[in-house]
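Asks: Protein chains in written order, with UniProt numbering: chain A, 1 to 433; chain B, 1 to 366.
Each residue gets a CB set at the ideal place from its N, CA and C atoms; glycine is no exception.
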Amino acid sequence: MSFSATKFAQPPPFSSTTTRSNEKPLSFDPFKTGTSFLGSTRKLRFNSLCENAQFKPHHRSAVVAVSELVKEKKLKSNANLLITKEEGLELYEDMVLGRAFEDMCAQMYYRGKMFGFVHLYNGQEAVSTGFIKLLKKEDSVISTYRDHVHAVSKGVPARAVMSELFGKATGCCRGQGGSMHMFSKEHNVLGGFAFIGEGIPVATGAAFTSKYRREVLKEEDCDHVTLAFFGDGTCNNGQFFECLNMAALWKLPIVFVVENNLWAIGMSHLRATSDPEIWKKGPAFGLPGVHVDGMDVLKVREVAKEAIGRARRGEGPTLVECETYRFRGHSLADPDELRDPAEKAHYAGRDPITALKKYIIENKLASEQELKTIEKTIDEVVEEAVEFADASPQPHRSQLLENVFADPKGFGIGPDGQYRCEDPKFTEGTAHV
Amino acid sequence: MWGTIRLNVCTGRSPARGLLSGLSAFRGYSSSGKEMTVRDALNSALDEEMSADPKVFLMGEEVGEYQGAYKISKGLLEKYGPERVIDTPITEAGFTGIGVGAAYYGLKPVVEFMTFNFSMQAIDHIINSAAKSNYMSAGQLSVPIVFRGPNGAAAGVGAQHSHCYAAWYASCPGLKVLSPYSSEDARGLLKAAIRDPDPVVFLENELFRSQFQQEALDSSFCLPIGKAKIEREGKDVTITAFSKMVGYALKAAENLAKEGISAEVINLRSIRPLDRSTINASVRKTNRLVTVEEGFPQHGVGAEICTSVIEDSFGYLDAPVERIAGADVPMPYAANLERLAVPQIEDIVRAAKRACYRSVPLAAAA
């Protein structure tokens, strides 16, 4: 099968201190409960890792987390594929949109249309597409400053995001947020946070709301799931652990998705972390930790299905570590000198879009021509987004002072413009003490 | 020189009750007097708001089974259950962020910090995710959250537990900062804060827990945010204060009255938005200003009031603005040093006299 990892016989030339997945066997697989695919939570709360390593040394980061059922499927004939044609085309389109959008951002930045800090997502599209395309509209996504593609995948129109990046009044935040702060209430994209680790507690709060609504406000059908995306550097931050604890304690419907691209600006993950295997930090708090190849959208999708399903059923949080890579520097201002060119070449050879294209064509889900049509359409969409953003006006001066407070004058004034406490009905109250 | 009068915060009623002016327009003010401690006032406000709106919930350390670290949330766990009165682990950053995330979706969390000193572990969420979100998202996400807890110096708790955060939070746009003095303030402002659609930092004061004050109460009483209250009218000098210092200022005003100086005491109530119009109107009437606060002097609330008055009413000032603040040192532990580090009534009296050119006994009256 085209997406299995067996084609890499030797590990890439990392430093000798590497402890990437092929050195230590990944023996803990929370989803391989041995019985049913949809295992019960009791089985997932291990304290000790399983001993038997079912891991072949020459597999580089094979998907350990996919259940037996799916693995058997892979070994059978092509009749049982992981995706249908529609799903395949949807995934392809989404990833190509993410890539084209980010490439256009780089172009626009160097032409001076975009400014400030811009962090691009090239190379990591499999993670966002694999997860976000499984969500409903009411589910929430919270991200970091590398959030353009999360917003676009979730459904925010590309033109709105591009205008926001240009700082125009038609942007999704009317030009007030910028590259790092993409918010959309309609699509439940809650940002966009510049401080790493800041989004994780907010995501946990959104998951908390879902549970609160179901249990306290008695909205029976509220099963919204929250996805929190963050990187490997964040996994050393205190807030991350605080939220793993509380999410597991209160069984919140959240999935913590780690986009482990090995580098936090110029700090290698291996230099910064005592135990670089992030998925292991889940079981320490009582939630399952899963490691998956983040350059392969189909593998990510399989893991995502299970994790999101768990959250939706009320079984609690999951920590998913996606091993991925960013093809560009940390931001457009980053000279990116510290990364080994051989490492970059290695991952460039594992481009998720190329891999999916190969899979689709080899399994005859669609023709090359159809894929080319998609690429062309996406190019047009992105071009149109740029034209729209260019043509949009800058925010008016009066917008500077707007939206500081939800109540316009900030004096506790109600929507009718009067002081709330002067409204005679206000003091009637509904309180029964 | 600093005097030996030690304020006993457990005695006495506020002397200026009878001189309430009708400045703030609170209609729900019935005249049936009732005494209530500030602690009970806060508890009743929380109780009423939680019963009126199921989206209000309380979260913090020891708020549930311990009945509140300072007993503010007494009885609430029994009434509303553990889903609405949530005991959290000791993770300020984590649970404050959770509160903000819940507020993004329209729930109304009341996040309690055991003291505001611990809010420093969560200040990233208070400022960056709560205060700035409405602006960054251009109005899409409002954050109807209340952060409350005791603020400022207590008795003998040392430097890390005695910091006053009024100036810190009040400098940030997007936050509303309230600081009640009396039980009436506490009830009215907390209810207003919970009903408000924006993030509110509610700075209570530990030492008020046992102060008895006569209050007029209505079952759904609410005070407007952004309006100061003139606790005592006067014509010679204006003294502004908030929280515990209002009590000191009122006592100082009494002492000054004996010497023929009529002081007007303003209880700020709301640090952000600051009620500049009330302060300026008062200064235009009296022509002298003394600002009193417990926190550190540099970049403090008094500095902001002074600038506001200079910008708007410079021509009306007859004397330089006097600023009384805590000593510019971390709070010492020894009882006598602690007394020296916090403003006392004599300091306020002395400052008022300086403003009135009365510090030299034989000088002519202003």
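Quick check on C356 (chain B): does DSSP put it in helix, strand or coil?
Replies: Position 356 of the second sequence, counted from the first residue, corresponds to residue 356 (chain B). Note: C356 (chain B) maps to coil in three-state DSSP.
Asks: With 8 Å as the threshold, decide whether the Cβ of M267 (chain A) is near any Cβ in chain B.
Replies: Working through the first sequence from its first residue, we reach residue 267 (chain A) at position 267. Interface flag for M267 (chain A) against chain B is unset, since no Cβ pair is found closer than 8 Å.
Asks: Taking the continuous beta strand (DSSP E) assigned at F147 (chain B), which residues delimit it?
Replies: Position 147 of the second sequence holds residue 147 (chain B). That run of the beta strand (DSSP E) goes V146 to P150.
Asks: Specify, as a first and last residue, the run of the beta strand (DSSP E) that A252 (chain B) falls within.
Replies: For the purposes of this step, residue 252 (chain B) is identified with residue 252 of the second sequence, where counting begins at 1. Premise fails: A252 (chain B) lies in the alpha helix (DSSP H), K244 to K258, not in any beta strand (DSSP E).
Asks: How big is the Cα-Cα spacing for D318 (chain B) and A249 (chain B)?
Replies: Position 318 of the second sequence, counted from the first residue, corresponds to residue 318 (chain B). Position 249 of the second sequence, counted from the first residue, corresponds to residue 249 (chain B). Those two C-alpha atoms are separated by around 21 Å.
Asks: Rounded to whole angstroms, what's the CA-CA distance from H330 (chain A) to V258 (chain A)? Just pull it up for me.
Replies: For this step, residue 330 (chain A) is matched to residue 330 along the first sequence. For this step, residue 258 (chain A) is matched to residue 258 along the first sequence. So the two alpha carbons sit approximately 16 Å from each other.
Asks: Within the continuous alpha helix (DSSP H) that includes residue 408 (chain B), where are the two ends?
Replies: Since the first and last residues shown for chain B are 1 and 366, residue 408 (chain B) lies out of range.
Asks: Using only the alpha-carbon positions, how far apart do R214 (chain A) and Y181 (chain B) sit?
Replies: Stepping through the first sequence from its first residue, residue 214 (chain A) is reached at position 214. Stepping through the second sequence from its first residue, residue 181 (chain B) is reached at position 181. Rounded to the nearest angstrom, the two C-alpha atoms are 39 Å apart.
Asks: For L107 (chain B), go through chain A and note every residue whose CB falls closer than 7 Å to its CB, in chain order.
Replies: Here residue 107 (chain B) corresponds to residue number 107 of the second sequence, with the count starting at 1. The answer, in chain order, is T209 and Y212.
Asks: Helix or strand or just coil, what does DSSP make of V349 (chain B)?
Replies: Position 349 of the second sequence, counted from the start, is the residue given in the question as residue 349 (chain B). Residue state, collapsed to three classes: helix.
Asks: Based on DSSP bridge pairs, tell me the residues matched to P109 (chain B).
Replies: By 1-based counting over the second sequence, the position of residue 109 (chain B) is 109. Paired residue(s): B:F57.
Asks: With a cut-off of 8 Å, does the C-beta of A431 (chain A) fall near any C-beta of chain B?
Replies: Taking the first sequence and counting its residues from 1, the one referred to as residue 431 (chain A) is at position 431. Interpretation of A431 (chain A) is limited by its pLDDT of 47, a score under 50 that renders its predicted location unreliable; the figure taken from the coordinates is listed afterwards. Output row for A431 (chain A): interface = yes.
Asks: I want to verify the contact list: residues of chain A whose CB lies under 7 Å from the CB of M136 (chain B), in sequence order.
Replies: The count along the second sequence starts at 1 and reaches residue 136 (chain B) at position 136. Close partners of M136 (chain B) in chain A (Cβ separation under 7 Å): C173, Q176, G177, H181 and F183.
Asks: Write down the C-beta distance between I196 (chain A) and N237 (chain A) rounded to the nearest angstrom, noting that I regard them as a contact closer than 8 Å.
Replies: Residue numbering aside, residue 196 (chain A) sits at position 196 when the first sequence is read from its first letter. Residue numbering aside, residue 237 (chain A) sits at position 237 when the first sequence is read from its first letter. Sure, about 6 Å apart at Cβ, within 8 Å.
Asks: Using a Cβ-Cβ cut-off of less than 8 Å, list which residues of the stretch 231-258 of chain A approach chain B; keep chain order.
Replies: Answer set for the stretch 231-258 of chain A: G238, Q239, E242, C243, N245, M246 and L249.
Asks: What did DSSP end up calling F229 (chain A) once you bin it into helix, strand or coil?
Replies: Within the first sequence, numbered from 1, the residue matching residue 229 (chain A) stands at position 229. DSSP places F229 (chain A) in strand when its eight states are reduced to three.
Asks: Are the CB atoms of L120 (chain A) and L332 (chain A) nearer to each other than 8 Å?
Replies: For the purposes of this step, residue 120 (chain A) is taken as the residue at position 120 of the first sequence. For the purposes of this step, residue 332 (chain A) is taken as the residue at position 332 of the first sequence. Closer than 8 Å, so yes.
Asks: Can you find a C-beta in chain B that's less than 8 Å from the C-beta of G205 (chain A)?
Replies: Counting from 1 along the first sequence, the entry for residue 205 (chain A) is found at position 205. With its beta carbon less than 8 Å from one in chain B, G205 (chain A) belongs to the interface.
Asks: Can you give the Cα-Cα distance for A252 (chain B) and H396 (chain A), rounded to whole angstroms?
Replies: On the second sequence, residue 252 (chain B) is found 252 positions in, with the first residue counted as 1. On the first sequence, residue 396 (chain A) is found 396 positions in, with the first residue counted as 1. The alpha-carbon separation between A252 (chain B) and H396 (chain A) amounts to approximately 50 Å.
Asks: Are the C-beta atoms of P157 (chain A) and some chain B residue less than 8 Å apart?
Replies: Sequence index remark: in the first sequence, residue 157 (chain A) carries index 157 (1-based). No, because no Cβ of chain B sits closer than 8 Å to the Cβ of P157 (chain A).
Asks: Using a Cβ cut-off of 9 Å, pull out every chain B residue sitting near L217 (chain A), in sequence order please.
Replies: As a first step, residue 217 (chain A) must be located in the first sequence, where it is residue number 217. Ordered by position in chain B, the residues that pass the 9 Å Cβ test against L217 (chain A) are P54, K55 and L107.
Asks: Whole-angstrom Cβ separation of G205 (chain A) and I310 (chain B), contact assumed at under 8 Å?
Replies: The residue given as residue 205 (chain A) occupies position 205 in the first sequence. The residue given as residue 310 (chain B) occupies position 310 in the second sequence. Actually they are not in contact, since the Cβ atoms of G205 (chain A) and I310 (chain B) sit about 43 Å apart, beyond 8 Å.
Asks: Quick check on this structure: which residue in B:F95, B:S44, B:E92 and B:T88 has the alpha carbon closest to the alpha carbon of S73 (chain B)?
Replies: Numbered from its first residue, the second sequence carries residue 73 (chain B) at position 73. Comparing Cα positions, the closest option is B:S44.
Asks: So for C172 (chain A), helix, strand or coil by DSSP?
Replies: Within the first sequence, numbered from 1, the residue matching residue 172 (chain A) stands at position 172. Secondary structure at C172 (chain A): coil, using DSSP grouped into helix, strand and coil.
Asks: Quick one: is R45 (chain A) near chain B, going by C-beta distance under 8 Å?
Replies: The count along the first sequence starts at 1 and reaches residue 45 (chain A) at position 45. Residue placement at R45 (chain A) is flagged as unreliable, the pLDDT there being 33, under the threshold of 50; a coordinate-derived value is accordingly withheld.
Asks: Among the residues of its own chain, which have a CB less than 7 Å from the CB of V297 (chain A), if the five just before and after it don't count?
Replies: As a first step, residue 297 (chain A) is located in the first sequence; it is residue number 297 there, counting from the start. Counting only Cβ-Cβ distances below 7 Å, and skipping sequence neighbours, we find L91, M95, A126, T129, G130, P352 and L356.
Asks: Which whole-angstrom value is the C-beta distance of A304 (chain A) and L81 (chain A), which I expect to be below 8 Å?
Replies: Locating residue 304 (chain A) in the first sequence gives position 304, where the first residue counts as 1. Locating residue 81 (chain A) in the first sequence gives position 81, where the first residue counts as 1. No, A304 (chain A) and L81 (chain A) are not in contact; Cβ-Cβ is about 17 Å, not under 8 Å.
Asks: Measure from the alpha carbon of G286 (chain A) to the alpha carbon of each residue in A:E220, A:Q124, A:Y359 and A:F241, then state which is nearest.
Replies: For this step, residue 286 (chain A) is matched to residue 286 along the first sequence. Here the closest residue by C-alpha is A:F241.
Asks: Whose Cβ in chain A lies nearer than 8 Å to the Cβ of D198 (chain B)?
Replies: For the purposes of this step, residue 198 (chain B) is taken as residue 198 along the second sequence, with counting starting at 1. Residues of chain A passing the Cβ test: F405, A406, D407 and G410.
Asks: Nearest to Y145 (chain A) by alpha carbon, out of A:A194, A:T84, A:G98 and A:H346?
Replies: For the purposes of this step, residue 145 (chain A) is taken as the residue at position 145 of the first sequence. Among A:A194, A:T84, A:G98 and A:H346, the Cα nearest to that of Y145 (chain A) belongs to A:A194.
Asks: For P393 (chain A), would you say it is in contact with chain B, using Cβ-to-Cβ distances shorter than 8 Å as the test?
Replies: If you number the first sequence from 1, residue 393 (chain A) lands on position 393. Cβ-Cβ to chain B under 8 Å: no for P393 (chain A).
Asks: My assumption, with CB atoms under 8 Å, is that V177 (chain B) sits in contact with Y169 (chain B). Please give the rounded CB distance.
Replies: Here the question's residue 177 (chain B) lines up with position 177 in the second sequence. Here the question's residue 169 (chain B) lines up with position 169 in the second sequence. That pair is a contact at about 5 Å.
Asks: Taking only beta-carbon positions, decide if T37 (chain B) is within less than 8 Å of chain A.
Replies: As a first step, residue 37 (chain B) is located in the second sequence; it is residue number 37 there, counting from the start. Not one chain A Cβ lies under 8 Å of T37 (chain B).
Asks: Got a sec, what are the start and stop residues for the alpha helix (DSSP H) C322 (chain A) sits in?
Replies: Here residue 322 (chain A) refers to the residue found at position 322 of the first sequence. Where C322 (chain A) is concerned, there is no enclosing alpha helix (DSSP H), although the beta strand (DSSP E) it sits in stretches over T318 to E323.
Asks: In the DSSP assignment, find the unbroken beta strand (DSSP E) run with S232 (chain B) in it and report its ends.
Replies: Counting from one through the second sequence, the residue named residue 232 (chain B) turns up at place 232. Before going further, note that residue 232 (chain B) is Arg rather than Ser in the sequence given. First-last of the beta strand (DSSP E) with R232 (chain B): K229 to R232.
Asks: Pull up the CB-CB distance for V290 (chain A) and T318 (chain A), whole angstroms please, since I reckon it's below 8 Å.
Replies: As a first step, residue 290 (chain A) must be located in the first sequence, where it is residue number 290. As a first step, residue 318 (chain A) must be located in the first sequence, where it is residue number 318. That belief holds up - the Cβ atoms of V290 (chain A) and T318 (chain A) are roughly 7 Å apart, short of 8 Å.
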